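Notes follow the structure.
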Amino acid sequence: MQGSSARAGQRSDTVAAPGHDELVDALFRRHYSSLLRLAVVMLGDREAAEDAVQDAFVALQRNWKRLRDPESAEAYLRSAVLNRCRSWVRRQVTQRAARPLRPVPDPPDNPADTTVVRDEVGSVVAVMRTLARRQRDVLACRFVLELSVGETARLLEISEGSVKVHTHRGLKALQQRIEVTP
Amino acid sequence: MTSVEERLTRDIAAVTEGVVVTETDLSEARAALDERVAERRRSTRRRAMVGAALAAVVIPAVGIATVLSFDEGADTRPADTPPSVSNPYENLLSGRTPTAEQVEGVWRLDNDVLLVRFLPDGQVWIDADGRLFSRDRALAGNYEMDGDRITLTVGQAAEEGCAGVHVLRASLPDPGVMRTVRTSPAPGGCSLLALDYWALEKILPTSPLYDDEDWRKAARNWPALAEATLPGIWYPQGGGHLLAVSSTGSRGGYAVVDESGEPVDRGQWSMGGSPARLTLTSDSQSVACQQGDQLVLTDLGQEDFGRPLLKGTVVRDDCQGGWAADTFVNLSP
């Protein structure tokens, strides 16, 4: 019969293994929301958070063949998002250094900016963003991603002892900064 | 769970509950990702074709088939790294070749919070978080000079990708200014060394760049100093020293370094009272001061013109060490 598929005789009863794009698509649907929430907590800015998560998936696409196995993709994505959040924070700090120590008036805040998470007055999350980098990352892993000490250590490639130390110091610093903030 | 853990958990939930991702959001984000990946591949193909053309012009013997032989979607670096082309910033290397003595000291990166210290013993420290003089500084290594080349060998680094050898070319175009251009490949995953070009300003020993700068004129209104602003590295008006403040709530440690970059005073700081008062109390590790000596500033105010400024009135200076300024500018958080 004209038009029948040339592949009809080759149809198999077994399900074909998912291709690369399908795996990435599955990872995207499964993890995008949680990664976005992680980035929003770290950055306080949804637009910047979306960029960070997108960058992480682009990096995953680029480095797919270097992953030990597809199961490590989730850890790769989390690590990539944390790294990009770190870079974004640093860029924000350097952008505030507008001139080489010469007094220049700051530009006024843009009231139309709706990407910034504004309802955080008194929020401990806002204080968490001012902590040292490693303390910030460890607290994010423990309290946002709800990872165990061991999982946090593996993700950040530090020892479990370091995780405990940074957790303790980070919480202590939060406590003290909350107490002094009027 | 302690009360701060409970608050943190509660506040994190409040933030994350506000992050709503609809099916439409997800679909649009997925489409945006596909577009970025496609654009990246198009850009990679364009770069490879340019690289092939340059290789054919610069080194005729290199086969362009090698440059173009990579698979789409795989690691897109060519199998054989093409010959390096001139760094576009190299034409900024004007002036004199620096000597080791001229490189030694503490430098700040222009329009940045990154600080670099080249020590006389060949060590190099780099940090952008106000911890240059702390043991947990972001990067430590060694440096060697050969003509205008400075080779950094980084061992200890907080950021992945920073370890290894990095080569800079340097010049001194003006007093107090050093320009460097990186000639080694950019280290992946190392934000501290990511820039191809550095315009560095000398902070210690004090250079003529800022020794007569009057930051008091920067503003009229000086709201009360927030303690959270205090940790970091501060440059006193007039130069000559740096004040490094670490944080543990309303009190913490501090160190004062002199022109050589070595600490001359150490102790504890505290803040409080009305009007707000900052007290630096020397401890037994102080070199220049007696234990218990105090430097006290009152009527504290802060401003921000791009970097935080701190002002106060010196009401007590037991040590008379020469760093009791009434205005400080923050160099690194």
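Heads up: the sequence lines are chains A and B, in that order.
For what it's worth, our numbering labels the leading residue of the first sequence as 1, then goes sequentially.
For what it's worth, our numbering labels the leading residue of the second sequence as 1001, then goes sequentially.
The C-beta atom is built at its ideal place from N, Cα and C for all residues, glycine as well.
As the structure is a prediction and not an experimental result, all values here were calculated from the model.
What are the residues that DSSP puts in a beta bridge with residue i?
i                         : result
threonine 1279 (chain B)  : B:Ser1270, B:Val1296
serine 1171 (chain B)     : B:Arg1179
histidine 1166 (chain B)  : B:Leu1152
tyrosine 1235 (chain B)   : B:Val1329
aspartate 69 (chain A)    : Aspartate 69 (chain A) is not bridged to any residue.
alanine 1157 (chain B)    : B:Leu1139
methionine 1145 (chain B) : B:Ile1150
tyrosine 1210 (chain B)   : Per DSSP, none; premise fails for tyrosine 1210 (chain B).
Taking C-alpha atoms, which residue in the options lies nearest to residue i?
i                         : options                                    : result
proline 1175 (chain B)    : B:Thr1183, B:Ala1128, B:Phe1118, B:Gly1095 : B:Gly1095
serine 1286 (chain B)     : B:His1166, B:Ala1032, B:Glu1262            : B:Glu1262
alanine 56 (chain A)      : A:Gly161, A:Val138, A:Leu82                : A:Leu82
asparagine 1111 (chain B) : B:Ser1003, B:Trp1198, B:Tyr1210, B:Trp1125 : B:Trp1198
alanine 1226 (chain B)    : B:Glu1035, B:Ser1247, B:Asp1146            : B:Ser1247
leucine 1026 (chain B)    : A:Ala153, A:His20, A:Glu179, A:Leu36       : A:Leu36
leucine 1300 (chain B)    : B:Gly1272, B:Gly1321, B:Asp1283, B:Asp1318 : B:Gly1272
glycine 1312 (chain B)    : B:Thr1298, B:Ser1191, B:Ala1288            : B:Thr1298
tyrosine 1210 (chain B)   : B:Val1177, B:Cys1162, B:Leu1195, B:Ala1186 : B:Val1177
alanine 1100 (chain B)    : B:Trp1215, B:Asp1293, B:Asp1146, B:Gly1321 : B:Asp1146
valine 1124 (chain B)     : B:Arg1108, B:Val1154, B:Gly1130            : B:Val1154
aspartate 1326 (chain B)  : B:Lys1217, B:Asp1293, B:Glu1259            : B:Lys1217
asparagine 1091 (chain B) : B:Pro1173, B:Arg1041, B:Ala1224            : B:Pro1173
cysteine 1319 (chain B)   : B:Ser1332, B:Asn1330, B:Glu1303, B:Asp1293 : B:Asp1293
proline 1185 (chain B)    : B:Val1015, B:Val1103, B:Thr1151            : B:Thr1151
aspartate 1335 (chain B)  : B:Asp1317, B:Ala1224, B:Gly1239            : As displayed, chain B neither begins before 1001 nor continues past 1333, which places residue 1335 (chain B) out of reach and without an answer.
tyrosine 32 (chain A)     : B:Val1021, B:Val1165, B:Glu1039, B:Pro1187 : B:Val1021
If you reduce the DSSP assignment to three classes, tell me which class residue i lands in.
i                         : result
glycine 1321 (chain B)    : coil
asparagine 83 (chain A)   : helix
aspartate 1196 (chain B)  : coil
arginine 1117 (chain B)   : strand
arginine 1316 (chain B)   : strand
leucine 36 (chain A)      : helix
arginine 1096 (chain B)   : strand
serine 1332 (chain B)     : strand
glycine 1122 (chain B)    : coil
glycine 19 (chain A)      : coil
tryptophan 1107 (chain B) : strand
tyrosine 76 (chain A)     : helix
leucine 1139 (chain B)    : strand
isoleucine 1203 (chain B) : strand
valine 138 (chain A)      : helix
aspartate 1011 (chain B)  : helix
aspartate 1265 (chain B)  : strand
methionine 1001 (chain B) : coil
glutamate 1017 (chain B)  : helix
glutamine 1102 (chain B)  : helix
aspartate 1112 (chain B)  : coil
Do residue j and residue i have their beta-carbon atoms positioned less than 8 Å apart in this structure?
i                         : j                        : result
arginine 142 (chain A)    : arginine 136 (chain A)   : no
alanine 26 (chain A)      : valine 40 (chain A)      : no
valine 1257 (chain B)     : alanine 1244 (chain B)   : yes
alanine 1157 (chain B)    : alanine 1128 (chain B)   : no
glutamine 1268 (chain B)  : threonine 1281 (chain B) : yes
leucine 145 (chain A)     : glycine 170 (chain A)    : no
leucine 1093 (chain B)    : arginine 1169 (chain B)  : yes
arginine 1036 (chain B)   : glutamine 54 (chain A)   : yes
valine 203 (chain A)      : threonine 152 (chain A)  : Because chain A here runs from 1 to 182, residue 203 (chain A) falls outside it and cannot be looked at.
leucine 174 (chain A)     : valine 124 (chain A)     : yes
serine 1171 (chain B)     : threonine 1279 (chain B) : no
leucine 1295 (chain B)    : alanine 1255 (chain B)   : no
leucine 1195 (chain B)    : cysteine 1162 (chain B)  : no
isoleucine 1233 (chain B) : leucine 1310 (chain B)   : no
glutamate 1144 (chain B)  : proline 1205 (chain B)   : no
glycine 1105 (chain B)    : lysine 1202 (chain B)    : yes
valine 58 (chain A)       : leucine 1033 (chain B)   : yes
leucine 1242 (chain B)    : arginine 1108 (chain B)  : no
glycine 1252 (chain B)    : proline 1231 (chain B)   : yes
Of all the residues that make up the stretch 1011-1035 of chain B, which are near chain A by a beta-carbon distance shorter than 8 Å?
Taking 8 Å as the cut-off between beta carbons, the residues of the stretch 1011-1035 of chain B near chain A are Asp1011, Ile1012, Ala1014, Val1015, Thr1016, Gly1018, Val1019, Val1021, Leu1026, Ala1029, Arg1030, Ala1032, Leu1033, in sequence order.
Residues of the stretch 1128-1142 of chain B whose Cβ lies closer than 9 Å to any Cβ of chain A, in chain order:
Residues Ala1128, Asp1129, Arg1131, Asp1136, Ala1138.
Using Cβ-Cβ distances below 7 Å, what residues of the stretch 157-170 of chain A are close to chain B?
Listed in sequence order: no entries.
The stretch 129-140 of chain A: positions lying closer than 8 Å to chain B by Cβ:
Listed by position along the chain: Thr130, Ala132, Arg133, Arg134, Leu139.
Give the residues from the stretch 67-90 of chain A that approach chain B closer than 9 Å (Cβ to any Cβ), ordered along the chain.
Under the 9 Å Cβ criterion, the stretch 67-90 of chain A contributes Asn83, Arg86, Ser87, Arg90.
Contacting positions in the stretch 40-56 of chain A - beta carbon closer than 9 Å to chain B:
Only Val40, Val41, Gly44, Arg46, Ala49, Glu50, Val53, Gln54, Asp55 from the stretch 40-56 of chain A bring a Cβ to less than 9 Å from some Cβ of chain B.
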